[in-house]
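Each protein sequence line maps, in turn, to chains A, B, C and D.
As numbered in my numbering, residues 1 to 401 make up the first sequence, in order.
As numbered in my numbering, residues 1001 to 1376 make up the second sequence, in order.
As numbered in my numbering, residues 2001 to 2508 make up the third sequence, in order.
As numbered in my numbering, residues 3001 to 3348 make up the fourth sequence, in order.
All remarks here apply to the structure that follows.
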Amino acid sequence: MSERGLTDAALPGSPGRVDLAHLWKQRWFRWPVFALGGMIVLQLVEWIADPESEELLSGGQAGAMLRWSVPLLLAGLGGMFAERAGIVNIGLEGMMVLGTWFGAWGSVKYGPVIGTAIGLLGGALGGLLHAIATVSFGVNHIISAVAINIMAPGVTRFLADEIFSGYAGGSISQSPRVASFGSVELPVLDRVSWLTIIAFAFVPLAWYVLWRTRFGLRLRAAGEHPSAGDSLGVNVYRYQYAGVVISGALAGLAGSFIVTELTGIYREGQTNGRGFIGLATMIFGNWRPGGTALGALLFGYADGLQLRDRDGVHALLLVGVVVLAVLALRRALSPKRTVVEVGLPAVIATLIVVWYLLRDTVPPTFNQVTPHILTLVVLVFSAGRLRPPKGAGQIWRKGEH
Amino acid sequence: MTAARRSRSELLLGFAAPVAAVLIALVVASIVLMISGSNPLDAWASMWEFGTRLETSVDAINRAVPLYIAGIAVALGFRMNLFNIGVEGQYILAALVATEVGTKIDLPGPLHVAVIVLVAMSVGAAWAAVPAILKVTRGVNEVIATIMLNAIGVSFVAAELLGRWDSAGQDTRTADIGESGHVPGINWLLEIFTRDVGKGRELYGFLFVAIAVGIGYHVLLTRTVFGYDLRASGANPSAAEASGVPSKRMILAAMIGSGAIAGLIGLPDILGELYHYGGDFSQGLGFLGIAVALLGRNHPGGIVAAALIFGYLDASSPILEVEGDAPREIVTIMKGVIIFAAVVAYAVTERSRRRRQVAAAADAVPTTSTEIGANP
Amino acid sequence: MTAAVELQGITKRFPGVVANDGVTFSVESGEIHALCGENGAGKSTLMKILYGMQPPDEGTMSVDGRPVHLRSPKDAIALGIGMVHQHFMLADNFTVLENIILGSEPSKGAGVLDLTAARARVEELSRAYGLDIHPDQVVEDLEVGERQRVEIIKVLFRGARILILDEPTAVLVPDEVDELFRNLRELKANGVTVIFIDHKLDEVLEISDRITVLRAGRTVGTRDAGSVTAAELAEMMVGSELPSPATGETTVTDSVAFAVRGLTIAGDGGRAIVDSIDMTVRRGEVVGVAGVEGNGQAELIEALLGLRHAQGTIELDGTDISHWSVRRRRNAGLGYIPEDRHRRGLMLDAPLWENAMLGHQARSPNARGIWIDRAGARGRTEEIVERYDVRTPNIDVTARALSGGNQQKLIIGREMLAEPKVLIAAHPTRGIDVGAQASVWNLLRQARRDGLAVVLVSADLDELIGLSDTLVVMLRGRLVATLDPARVTPRELGSWMTGAALDTGDAA
Amino acid sequence: GDDDDDTTAPADTTAPADTTTAPAAATTAPPAASAISVGLVYDTTGRGDQSFNDAAAAGGDQATAELGVEFSEATPNADGSNRAELLQLQADTNPLVFGIGFLFADEINGVALANPTVNFAVVDGVPTEDPAPNLALLLFAEHEGSFLMGAAAALKSETGTIGFIGGVNVDLIKKFEAGFTAGAQYINPDIEVLAEYITQPPDFTGFNSPDRGKEIGLSMYDDGADIVYAAAGGSGGGLFEAAKEFSEGGDSKVWAIGVDSDQYNIVDPAVRDYILTSMLKRVDVAVFNTIEAANSGAFVPGFNIFNLAVDGVGYSTSGGFVDDITGDLEDIKAKIISGEIVVPETLA
Ligand SMILES: Nc1ncnc2c1ncn2[C@@H]1O[C@H](COP(=O)(O)OP(=O)(O)OP(=O)(O)O)[C@@H](O)[C@H]1O
Ligand SMILES: Nc1ncnc2c1ncn2[C@@H]1O[C@H](COP(=O)(O)OP(=O)(O)OP(=O)(O)O)[C@@H](O)[C@H]1O
Ligand SMILES: [Mg+2]
Ligand SMILES: [Mg+2]
């Protein structure tokens, strides 16, 4: 995955000649290989850790991984759209909260399909607010987002009291039951919600929009070098607005998904920090759709596993060891190796092995924070390699640069 | 315009923004109330009547004390352009560990309290040091790191600690801190001026600590070389570095200082009222601290006002429910609108202030530059 | 010939400044027209107005004989006007192609980019005008000259017939300037009208057909390049003889104030960024460091100040300070005038008096022990403002409010009043106007007379030659030559800087 | 977070005709003029939580209707920072003040000591210090009710595997698990009981995570459990969804057991057919009885235990899914009341 969106997505190399090194450079080739490799590692670990866990590779776990990754994926893509346009959006959490309420309200009133759309709009409304503050008024992005995160739960609580309390089964803190979007039967994964499929369809769609359309090019320009766009007649503000509103809409959709697919009800506080994890997912994915999807699946996997099979998480420690070992090896083979770069993963891997051998299970609270720890580990090892949009977080004012 | 006059008008502008924010919030809340079928005038009248009682004031101040400390903790980071979103995790962890230590020791009064305070500050500082170290050694963004550490701190570290403890009643929590570790109330302070505030209410003695923290913060930042270095580092890190301020050390100092202050946030409640850590301990003060710091513009005086506004809203809003005037949640909306309106108003006034200064500076300079350049 | 551009009575006011004051300006179709004037004369403002980036307050414009009203660069682009800005407007992270098509993307319909068509068009343009670029390279990896070509293609891609270049040569070395001028002549041959802004009068005379001079927002006049001399132009620009940085007699003493031995900074790829540098600066001496930007000068300065880890020794008055912290070095008498005052020198949103203690915040009169001495610091600031003629309403305005020249004088004042033993001055006159420039030169000369040792890094070759007692040339991290400023010409110096002189075997 | 211990129960359904418990209320309403006023302080979610607070509110509403008492309500800030202040506020004007939930335990004790002329009652709460002489502790024998749930599950299970989901791993909820496990093993000593807690304190979001409740439910059903009992507050709704989804997935029909109130009558009709029974915890009865006693001058401070014997806990039969085993259940209930079965409060 390089930043050079236009070049390395080119079609496979010259026909007739199979060049592995060349193939490896192609995204379509690398991804399945990664996936296959991952599955082999999981299978090996499961075999070593036997009989601790059957969940590492089960169909139920695969389904859970998909389900739990969707809100993170949508939030991550949302964060990506905003930051690609230059606006940092840690208000995703608040926008997702709006999405849960509006999604539930819409679903109760008009059914899950229209309801989901309303949830999306609710999130977009939050995005619009963030855009007004940051783009039009030049408020610091973090500050505006914090204000939105504080405001959103208050608004939804008030709205729930005003509206849901009037329904049977509804109250200030919850909605009546909400029907699901509907699902389709797939092999291995069992029933997969249509909304899950739609969410994952956003991954190639987001890539296409950002790297293959006029809109996407201009939006990315707004996040990389707004003055450059401005000097060529691009209305930077408009694209920043678009990015943040799309961001809010995706966060709202994530909220709707939690309501209609994950639980079937709106409950106050249900987003549970997913907006923040979504942001971590985006960073994990280096501000790119494919990477974000990978990150979301990883966190979704960890989430699902900790709920379904606590011992599985224990076995998963071994997967972490494998990954760290590979990392250390790669660093050791690279010309730029330093003691820290090689030593740190090696030391951590060793510590995990010791822990694995000393305890039969990981403490239950460890499960709850696996995604958080994972995020920190990823950041620690790759912060320098990540390539955020240059202008992200900066307040750009037309004519002042 | 003379300097004095300009600074007075700037001061006025500085006040206008938060006042406007509160007014906007009132208007928005009134509209919402009218839409939802309540009479906003009744609601404000009973909040005003109730809020001006002495007892409510005590409640409001007691609420404002932790909010104030939280605001200062956040502001210290902000002054260096560090977003310590992790105040939340830092204070919870600190309160938990300090309370546990407090239950295990038995020392004469002030010493007992001092140990608890020190432990709390150290734990807060230590937890804040993690993102600081990650930032200076690995370049990890502190916003994301502190968000992650909040969850890790509360869910993992705290639960692992708490899991080993005895429980009391139906709650899972620490034992009580002994009598010597309590911070006595200071109702006598009120009694100097007025009647007894009545049974069941004690003005937190921790108020003095909050005041001291505020003064310390102000003196440190504006009167010491270290404070200058810190602000310089926040204003322009590379210029500060060239001036001899090691930016990494400043990041560590600001984060750790912020964490140490954050460690105090939970103590007014624990040492003044609860005496234990358990399910009835207030979480979320760290995030409110961000709001308070924003509203108070990182200025110790402004944060006092902001903490009191929030304290008053919290202390006087229950009357809405008791009297059945309006949904109590209106206050949450008001808080949100106040913060939002305030940050927008600040951005606008800041820009206009800048513009006026530039114009003033340009006034002082002749437009032709040829005669500049005489030897000094 | 018809006038490609005709500006009449253009006035543009900013708070406190009249940037353009009834400017009249006319460019013939197919000519190369230079626009000159000192800093702040209003050149860029005029061009931004012509490019639709800023609306004029008064005046009329016509393009190709038709009156026009421009609301945004879009309108200008539609009229065939393109502009290359003083600071490149390129997204580093984008490919050349993406940068070029931005804002005028060829589309397959429904907003989908037609990259194939775009690439073909760009390749065609680059062939037609002899501009060598590769559409799929990432801009990050390009050299300055290449970036400029990308900027030019960007304009041509939009079908521009009128090309505006704002100080295109400022960032280029002489060879690159020659290359650029070749390109411009090619463009002219293809019928493109070129307007360019330049401060270097020899260049202006070399390339342009006609020259217009602005002063303090007004048009002074337009001359044919063939019938005007540099001296005449200079007089038009400043209303008097152009000041020169010449130093006069030497003040160099025998006592060594600053000595650098074997200074080396390791780079990423194993190659050193700064490679075993030896340098000695005596009291009263100015050592000029010449070099094309990016050859290690910036890193050298950072190492001298202690901002960057380096091997080797640095001695200040005979004491090895190479392991000292930045603060200790500065307190010991190392003064610093940064290359980029906004980045390294000022806190733009802090009041002047706080800016005036930056770098000296831990010593008298700004501090007493751990405490800030506000009265002392404010007094010192007043002194700087007065003695160094910093034009400001008071010392409580933010640094942002000051013009570049006044900001620079504040910085120089604060360094001088701190009585340094060694001054490290990086591009001390960059981006400030001729008048302020002259005053900075005076200040440096004065300090040198008082026995200060100065390390001067500058891209302005006249300044280097004029001010230095000794000139060293830095190339790829090494000092490749020591030259006598009294005997070297800018062109010779330029060939040393690019390494051309090394190949021909000239001795130092 | 929502730190109530239990689930859903709207006011109007707390005393359905087909529950096994009878309302303990006296039927003679004294004239309204002589009725006392009552102050009630809910926990953070407040009235309308369809759970614990609503059950208490139902008791209060019943007292208003039948006894003519007037009562005022208050709800703390979302972070629960002003529980004591609100208790005091209520004590300023009312002779009887309730605190709803165990988190009030210590604070209500303090306020009670400071207001000796006012009577106080706390639901589920046991203060650390000696309780004030004017404080009633309204406690429930949840383990006894849960014992019946365990027995019912064991009697109905076809797979020999059942599950328990706790919201947050606190003592109160562990009491549920202990009773449930003991009841199941009483019927079938070899039964396998899967048990999970959603979160660990101080993270109380486990009472409010229907998503996680659902996932754990699904995985328990995947692992062969056919009946799962949730004592997890708002997370319990997720379990019902899981039961429905798993059953409709074409495999076998699985069941969920509700808690606190008769959830069959509360939940959406779409999922009610998967609710085998519910453990009833009559907070409404406790509140009403206490008001009634105080109103007639017979307020009883100290421990007020609501157990099987006084129908303070019980089980529901709505839907008729346990009609075939009510005989066994009644039998066990009698044995518990008589002391023949001693239900443990903690896990063996
Ligand atoms: N956006 C602006 N706001 C306020 N003043 C401005 C703005 N842009 C330019 N000015 C002022 O207008 C005057 C003319 O500036 P301009 O940039 O056109 O000068 P210039 O001739 O291009 O100078 P240089 O040689 O330094 O590029 C200056 O005094 C400048 O400070
Ligand atoms: N966008 C702007 N808004 C307001 N004032 C501006 C703006 N840009 C420039 N100015 C004002 O114009 C004057 C000169 O600014 P400018 O940046 O053009 O100076 P300069 O001499 O070119 O110095 P520098 O090299 O630092 O850019 C100052 O008074 C500055 O405050
Ligand atoms: Mg210019
Ligand atoms: Mg309190």
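In this text, a Cβ means the ideal position worked out from N, Cα and C, and glycines have one as well.
Exercise. Are the beta-carbon atoms of A/L189 and A/A62 separated by less than 7 angstroms?
Worked result: yes
Problem set entry | chain B within 7 angstroms of D/D3260, Cβ atoms only | Not an interface residue.
For this session: Say whether the region 1252 to 1269 of chain B touches the region 1079 to 1091 of chain B, bearing in mind that this needs 3 or more beta-carbon pairs closer than 8 angstroms, one atom from each stretch.
Result: A contact exists between the region 1252 to 1269 of chain B and the region 1079 to 1091 of chain B.
Exercise. At least one CB of chain A closer than 7 angstroms to the CB of D/P3210: is that the case?
Worked result: yes
For this session: Note the first and the last residue of the continuous beta strand (DSSP E) segment covering C/Y2336.
Result: L2334 to I2337
Exercise. Within the 7 angstroms Cβ cut-off, does A/F81 reach chain C?
Worked result: no
Exercise. Within the 7 angstroms Cβ cut-off, does B/V1348 reach chain C?
Worked result: no
For this session: Identify the contact partners of B/Y1228 in chain C, using a Cβ-Cβ distance below 7 angstroms as the criterion.
Result: Chain C residues near B/Y1228: Q2361 and I2372.
Problem set entry | Cβ-Cβ distance between D/I3275 and D/A3293 below 7 angstroms | no
Problem set entry | Enclosing alpha helix (DSSP H) for A/Y239 [first to last residue] | V236 to F257
For this session: Compute the beta-carbon to beta-carbon distance between D/Q3200 and A/P364, rounded to the nearest angstrom, for a pair I have assumed lies under 8 angstroms.
Result: 6 angstroms
Exercise. Residues bridged to D/T3161 by DSSP?
Worked result: Note: D/T3161 sits in a beta bridge opposite D/E3192.
For this session: Measure from the alpha carbon of C/I2049 to the alpha carbon of each residue in C/E2038, C/G2037 and C/S2062, then state which is nearest.
Result: C/S2062
Exercise. Span of the beta strand (DSSP E) holding C/V2068?
Worked result: R2066 to V2068
For this session: In the DSSP assignment, find the unbroken alpha helix (DSSP H) run with A/D303 in it and report its ends.
Result: P289 to R308
For this session: Report all residues from its chain with a CB closer than 8 angstroms to the CB of A/V113; omit the five preceding and five following residues, and keep chain order.
Result: F181
Exercise. If you compare alpha carbons, which of C/E2463, C/L2467 and C/S2458 is closest to C/M2474?
Worked result: Of the candidates C/E2463, C/L2467 and C/S2458, the residue whose Cα lies closest to the Cα of C/M2474 is C/S2458.
Exercise. For D/S3072, which option in D/G3046, D/F3052 and D/G3080 has the closest C-alpha, if you only look at C-alpha atoms?
Worked result: D/G3046
For this session: Step through the CB atoms of chain B and report whether any lies within less than 7 angstroms of the CB of D/A3074.
Result: yes
Exercise. Taking 6 angstroms as the cut-off, does the CB of C/K2108 come closer than this to any heavy atom belonging to ligand 1?
Worked result: No.
For this session: Spell out whether any CB of chain C is found under 7 angstroms from the CB atom of A/F215.
Result: yes
Exercise. Going along the chain, which residues of its own chain have a beta-carbon closer than 8 angstroms to the beta-carbon of C/I2432, five neighbours each way excluded?
Worked result: N2039, G2404, G2405, Q2408 and V2440
Problem set entry | Buried/exposed call for C/A2120, threshold 16 Cβ in 10 Å | With fewer than 16 other Cβ atoms within 10 Å, it is exposed.
Exercise. Less than 7 angstroms separating the beta-carbons of D/A3178 and D/A3153?
Worked result: No.
Exercise. Interface residues of chain D around B/R1053 at Cβ under 7 angstroms?
Worked result: The premise fails here: B/R1053 is roughly 10 angstroms from chain D at the closest Cβ pair, so nothing lies under 7 angstroms.
For this session: Identify, in the order they occur along the chain, each residue of the same chain with its Cβ nearer than 6 angstroms to the Cβ of B/A1290, setting aside the five sequence neighbours on each side.
Result: A quick correction: the sequence has Ile, not Ala, at residue 1290 of chain B. If we look at B/I1290 and ignore the five residues flanking it on each side, its Cβ neighbours are V1074.
Exercise. C/T2251 to C/R2448, Cα distance in whole Å?
Worked result: 7 angstroms
For this session: To the nearest angstrom, report how far apart B/A1017 and B/H1182 are at their CA atoms.
Result: 40 angstroms
For this session: To the nearest angstrom, report how far apart D/E3158 and D/A3348 are at their CA atoms.
Result: Counting only the Cα atoms, D/A3348 lies some 25 angstroms from D/E3158.
Exercise. Of all the residues that make up the region 2089 to 2103 of chain C, which are near chain A by a beta-carbon distance shorter than 9 angstroms?
Worked result: M2089, L2090, A2091, D2092, N2093, F2094, T2095, L2097, E2098, N2099, I2101, L2102 and G2103
Problem set entry | Span of the alpha helix (DSSP H), counted from its first residue to its last, around C/A2486 | C/A2486 -> no alpha helix (DSSP H), and no H or E assigned at all.
Exercise. Count the other CB atoms within 10 Å of the CB of B/Y1277; is the residue buried (16 or more) or exposed (fewer)?
Worked result: buried
For this session: Can you have a look at A/Y208 and say buried or exposed, based on whether 16 or more other CB atoms are within 10 angstroms of its CB?
Result: Counting of Cβ neighbours within 10 angstroms places A/Y208 among the exposed residues, the total staying below 16.
Exercise. Between which two residues does the beta strand (DSSP E) harbouring D/S3338 extend?
Worked result: Careful: D/S3338 lies outside any beta strand (DSSP E), inside the alpha helix (DSSP H) at T3326 to S3338.
Exercise. Going along the region 233 to 255 of chain A in order, which residues come within less than 7 angstroms of chain C, judged by CB to CB distance?
Worked result: G233 and V234
Exercise. Any heavy atom of ligand 1 closer than 6 angstroms to the CB of A/G138?
Worked result: no
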